[in-house]
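Working notes for the structure below.
Protein chains: 2
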Amino acid sequence: MARPKLHSDDAILDAARDLLVRGGPGAATTAAISSTSGAPVGSLYHRFGSRPQLLAEVWLRTVRRFQAGLLAAATSGTAMERALAAADWTVEFALRHPADARLLLQARREELLADADLPAHVRQSLTDLNKPVIDLLRGLAADLFGAPTPARLERLAIAVVDVPYAVVRRHLSRGTSPRVDRDLVSHAVRALLDAPAG
Amino acid sequence: MARPKLHSDDAILDAARDLLVRGGPGAATTAAISSTSGAPVGSLYHRFGSRPQLLAEVWLRTVRRFQAGLLAAATSGTAMERALAAADWTVEFALRHPADARLLLQARREELLADADLPAHVRQSLTDLNKPVIDLLRGLAADLFGAPTPARLERLAIAVVDVPYAVVRRHLSRGTSPRVDRDLVSHAVRALLDAPAG
DNA sequence: ACAGTTCTAGAGCGTCCTTTCTAGATCGTA
DNA sequence: TACGATCTAGAAAGGACGCTCTAGAACTGT
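These protein sequences, in sequence, are chains G and A. The numbering of the first sequence is the numbering used here, which starts it at 4 and goes up by one. The numbering of the second sequence is the numbering used here, which starts it at 4 and goes up by one.
So this is what it looks like as structure tokens:
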């Protein structure tokens, strides 16, 4: 049909992500993404339309990767088993996709993505993004605590996402190999979920 | 001796910090800091020399505020009591200085401060910054675990700093009033410190 | 071989940002 | 009041960045 791409979309998104992780949004200039990936600036705009849209795609790809594993990990077993599996996936994700994990840890959605200058369909993708995970947490909270009140949902999110990330954070920002004590994470998660209701 | 300042250094640093917290380094332009604080651009350079130095002062002020309370909180009692007090201070700090806490949570030192374009004495201040806290953790680790191995130091830092911040993180990024369950934090910290050695 | 389509390639434009510069304002002191 | 010192004030220079634009290259289907 047409001329094939010299540089894959993923390669360009990888370059942008690595620049973001290294030096933040300020480092991910179009010129930098171009020279890192090898794709000329014109190609970036031909593919993604604008810098904001390119960065949005980076974000979407990373979050989807994380969520896919999270949903897969927390499908079977008792509620506590699923919660522990979800927490462990957060660690596993950091080990398997360190660059993506660093993006999730370090990038602030609001800073990275100014929704104002994104086309409608991208905005929609971004808002739809959290639905499946919220449903997952809602189900877990119902099984664990009885009813999914906001406070309990939050506690669950802290236990299965925030705390595991807190444990891997130091390794990730340094780039050192993350030899994380998974039992330590399970220990903390269990303590958070078993703690008396606040 | 001379004309007094119309705009205090603290007011300027506050403006810069709020912009950083809101929109990241990209939002803290000299023009934005000027219009937010009221101080003209010329004054910013007269006071701080350059934008990097101004941002470095913001960072230094925030870290020092946090550390002062941390060191004060963890001075008396058993080792476990001091560790719990340190963890609780992390929550307390987020309640008392939400903007500073958000800066510590969100800003990445490497992204905010390019050491290359900072004068030597500022660089020195930045490197000296962590010493007292490392000493504190080292002492706590010795009392808690026997000897302060790197793995134990890290575990302590996770328990005392990272986990408490993980708990307040969601509140801080939204700006909602952080009604944090402190007992939940103590629970998790205790679990991490009591867990069998990894 | 030809047409149609998609992608590469990078020079150039307008904008915003950091920094500098100069003139004037406001203080303490003599 | 006059003087030195410090700070205010904002215009303007110089550079970097996002984005556009045009020309051509590379492939498929006929």
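Note that beta-carbon positions come from the ideal geometry of N, C-alpha and C, so glycine has one too. On a predicted model such as this, the values are computed, not experimentally measured, just so you know.
Alpha carbon of residue i to alpha carbon of residue j, nearest angstrom
i	j	result
G/LEU139	G/ALA77	8 Å
A/ARG185	G/GLY45	53 Å
A/ASP118	G/ALA5	48 Å
G/ASP165	A/LEU47	38 Å
A/VAL183	A/TRP92	12 Å
A/ASP131	G/ALA34	36 Å
G/GLU95	A/ARG64	36 Å
A/ARG85	A/SER79	6 Å
A/ALA281	G/LEU143	It is not possible to answer for residue 281 of chain A, since the shown part of chain A is limited to 4 through 201.
A/ASP146	G/ALA191	21 Å
A/GLY204	G/GLY149	No statement about residue 204 of chain A is possible, as the shown extent of chain A runs from 4 to 201 and does not include it.
Proximity test, Cβ basis, 8 Å: residue i and chain G
i	result
A/VAL66	no
A/ILE36	no
A/ALA191	yes
A/LEU187	yes
A/GLU114	yes
A/GLU60	no
A/ALA145	no
A/ARG54	no
Neighbour flag for residue i against chain A, beta carbons, 8 Å
i	result
G/ILE15	no
G/GLY27	yes
G/GLN109	yes
G/ILE161	yes
G/ARG173	yes
G/ALA194	yes
G/VAL166	yes
G/VAL170	yes
G/ALA198	yes
Among the options, the one whose alpha carbon lies nearest that of residue i
i	options	result
G/SER40	G/GLU113, G/ALA90 and G/ASP13	G/ASP13
A/SER128	A/LEU16, A/VAL61 and A/HIS49	A/VAL61
A/ALA162	A/PRO101, A/ALA88 and A/ALA97	A/ALA88
A/GLY26	A/ALA110, A/VAL170, A/VAL94 and A/SER38	A/ALA110
G/ARG177	G/SER37, G/LEU57, G/VAL125 and G/ARG105	G/ARG105
G/ALA18	G/LEU57, G/LEU116 and G/ARG126	G/LEU57
G/LEU175	G/LEU9, G/ARG99, G/GLU84 and G/ALA90	G/ARG99
G/ASN133	G/ALA31, G/LEU73 and G/PRO28	G/LEU73
G/VAL66	G/ALA154, G/HIS49 and G/LEU108	G/LEU108
G/ASP103	G/LEU23, G/LEU9, G/VAL188 and G/LEU195	G/LEU23
A/ALA194	A/PRO167, A/SER180 and A/ARG173	A/PRO167
**Message:** In chain order, what are the residue ranges of uninterrupted alpha helix (DSSP H) at least 4 long that sit wholly in the stretch 149 to 191 of chain G?
**Reply:** 153 to 160 and 166 to 177
**Prompt:** Which parts of the stretch 14 to 56 of chain G are runs of the alpha helix (DSSP H), unbroken and 4 residues or longer, counting only runs that do not cross its ends?
**Reply:** 33 to 40 and 44 to 51
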